[in-house]
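Asks:
Protein chains in written order, with my numbering: chain A, 1 to 261; chain B, 1001 to 1381.
#1: Going by DSSP, which residues form a beta bridge with residue 1003/B?
#2: When the Cβ atoms of the segment 1067-1082 of chain B are set against those of the segment 1110-1122 of chain B, are three or more pairs found closer than 8 Å?
#3: Going by the beta-carbon positions, is the gap between residue 1093/B and residue 1124/B smaller than 8 Å?
#4: Taking residue 100/A as part of the alpha helix (DSSP H), name the residues at either end of that continuous run.
#5: Are the beta-carbon atoms of residue 1194/B and residue 1218/B separated by less than 8 Å?
#6: So is residue 1370/B buried or exposed if we call it buried at 16+ other beta carbons inside 10 Å?
#7: How about residue 1006/B and residue 1334/B: are their beta carbons less than 8 Å apart?
#8: Can you tell me where the alpha helix (DSSP H) with residue 1149/B in it begins and where it stops?
#9: With 7 Å as the limit, tell me which residues of the segment 1290-1302 of chain B have their beta carbon closer than that to any beta carbon of chain A; keep them in chain order.
#10: Return the Cβ separation of residue 147/A and residue 237/A in integer angstroms, given the expectation that the two are a contact with Cβ distance under 8 Å.
#11: Could you run through the segment 1124-1146 of chain B and flag, in chain order, every residue whose CB is less than 7 Å away from some CB of chain A?
#12: Please check if any C-beta of chain B sits within less than 8 Å of the C-beta of residue 154/A.
#13: Listing by chain order, which chain A residues have their CB less than 9 Å from the CB of residue 1368/B?
#14: Whole angstroms is fine: what's the gap from residue 1347/B's alpha carbon to residue 1270/B's?
#15: In terms of residue numbering, what span does the beta strand (DSSP E) encompassing residue 1328/B cover?
#16: Check the Cβ of residue 1283/B against every Cβ in chain A and list those closer than 7 Å, keeping chain order.
#17: Is it right to say residue 1187/B is buried, meaning 16 or more other beta carbons lie within 10 angstroms of its own, or is it exposed?
#18: Count the C-beta pairs between the segment 1235-1254 of chain B and the segment 1188-1207 of chain B that are closer than 8 Å, then say yes if the count reaches three, no if not.
#19: So which residues of chain B does residue 256/A contact, with C-beta pairs closer than 9 Å?
#20: Does the CB of residue 1020/B have a neighbour CB from chain A at under 8 Å?
#21: Against residue 171/A, what residues of chain B qualify as contacts under a CB-to-CB distance less than 9 Å, listed in chain order?
#22: Terminal residues of the continuous beta strand (DSSP E) containing residue 1216/B?
#23: Could you tell me the boundaries of the alpha helix (DSSP H) in which residue 1235/B lies?
#24: For a contact meaning CB atoms closer than 7 Å, what does residue 174/A contact in chain B?
#25: How far does the beta strand (DSSP E) with residue 118/A in it reach, from first residue to last?
#26: Under the rule that 16 or more other beta-carbon atoms within 10 Å means buried, what is residue 1015/B, buried or exposed?
#27: Hey, quick one: how far does the beta strand (DSSP E) through residue 33/A stretch, first residue to last?
#28: Quick test of your reading: residue 95/A and residue 122/A, contact by CB under 8 Å. State the CB separation rounded to the nearest angstrom.
#29: What does residue 1341/B touch in chain A if you count any residue whose Cβ is under 8 Å from its own?
#30: Who are the neighbours of residue 178/A on chain B, taking C-beta pairs under 7 Å?
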């Protein structure tokens, strides 16, 4: 197993930070609107089985490398370039929230470079009559409380005092998130129409107590993505990969083992 | 000096105990708190006040646009302007302003202003603004593209007013195959364009550019900031190689005049404190949605906010007068403060907010009378 390290990764004119860890089949994790997570326990668990890639999205951390990316379609095209440039076998694609949305946008365009897809509380699809939370109007404290079921996570987030550099990165994350997801809010009306094009085994995980994107949305993904398996995680909020890292790792491993047979 | 009698048209019958239960008087304040019977009376009172301003000799009367808020009842300011045209004869009517990025067809704005200019036979002044941050929560428009849309909508509207049609407009956000305005504006080449702003340096340089020379109005800021922004405009003009005229520089401020300083503060207190603490106060998530300003302006604002501490206390009239954010006092005090700003900036357009917050009709009328009789004549010319 290769030790976790952060490398610079370049696609076209855009250079981003990327966490690399582990060895095995390649697994690409796409982060959510909150920004690049760095090395979190989930990645250590996955690294025991996979060659893990966790890039920071263009524009996140610093707007200067947003390049020409103005919307989610641009971001999907960027990741198609990214996948074509990877010198690996087909990848397991995993994404949370915004990252799940990007993953789905990539998959409906081209699945050739994908082996499986795992979506954790993905954005991208809207269910009428089931309103999302408004993360852009929440104060930082409200956001922390609303993102987790287990409030001890929220308390820890609230207690953190970011350095000036971290605060700058968080602000850039917020700007880039707004650029991609403000209107229509966190979905692309066209995506749902094309989800039948997802040709790889797909797992959808959703925290039962997600206050940003309600878990009721999981059903729509199940209806639209052929053969998708949906699992609702009890006592869990929007960021299951953090709040229930062990469980999420187990689910991913079990699902992919099954997909292999 | 030129005088604009400006109005925000706040919803005064607001239940302040209910207001206190919500994070803002904008966007999220339940509209069950709006009583149409009382609201209709408010419109009547405010139209009367603005009409009365013509009798008092103001050069212009002004209205503005805000959405989904008790702070101002004018989501469509051109409707008010249209009513004012019918009630007045000579006074200019300034719409300060219309929020350009919020619409999907800037042609509609060009058409409305053009109609108003014809209906009033050339009495219209057009303010172009982006709207405050809350507008992007209210309309859902992506704040990331606010500045781009503002500049492109401006280009489209001005070319619609000035270029012989039909022609095609090719933009990033707006694409129009046929631009061919009927009616064309009454004023030639078009109604004056003013730029009310909180003072971003990008906006100041843009407004001051020689091809525009748009009057720039600073709103709701301390004496120090107003002075700094107006002088930034003067500096920008010098860099462009010309000297800014006083008529390019405006200051918008709440003003209250009474026979003594003490009486002025006592009478204005409830009105001005409600304006800042109940009607205007917004959490920064609502006031500054991401992308509404550049990242660097946002950082400056947040650092400033950090330095000041989050606003734990309500502003008092004494603090507001002290900082120069409002002017309240005897005629002599008010004249001196305006003179002081004129000396430090050379500004020549005073946009006076004479009704603010919960200030009653009676006190508003008295304030207007005093201002027109005891302040305006001394500062004319």
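For each residue, glycine too, the CB sits at the ideal point set by N, CA and C.
Replies: In short:
#1: 1350/B
#2: yes
#3: yes
#4: 98-109
#5: no
#6: buried
#7: no
#8: 1146-1162
#9: 1290, 1291, 1295, 1298 and 1299
#10: 5 Å
#11: 1137, 1140, 1141, 1142, 1143 and 1144
#12: no
#13: Those within 9 Å of residue 1368/B in chain A number zero; the least Cβ separation is about 38 Å.
#14: 29 Å
#15: 1327-1329
#16: 139
#17: buried
#18: yes
#19: Simply none; closest approach about 36 Å.
#20: no
#21: 1290, 1295, 1298, 1299 and 1302
#22: 1216-1219
#23: 1223-1239
#24: 1290
#25: 114-120
#26: exposed
#27: Careful: residue 33/A lies outside any beta strand (DSSP E) and carries neither H nor E.
#28: 7 Å
#29: Near residue 1341/B there are no residues of chain A at all, since even the closest Cβ is about 34 Å away, more than 8 Å.
#30: 1142, 1143, 1144, 1289, 1290 and 1291
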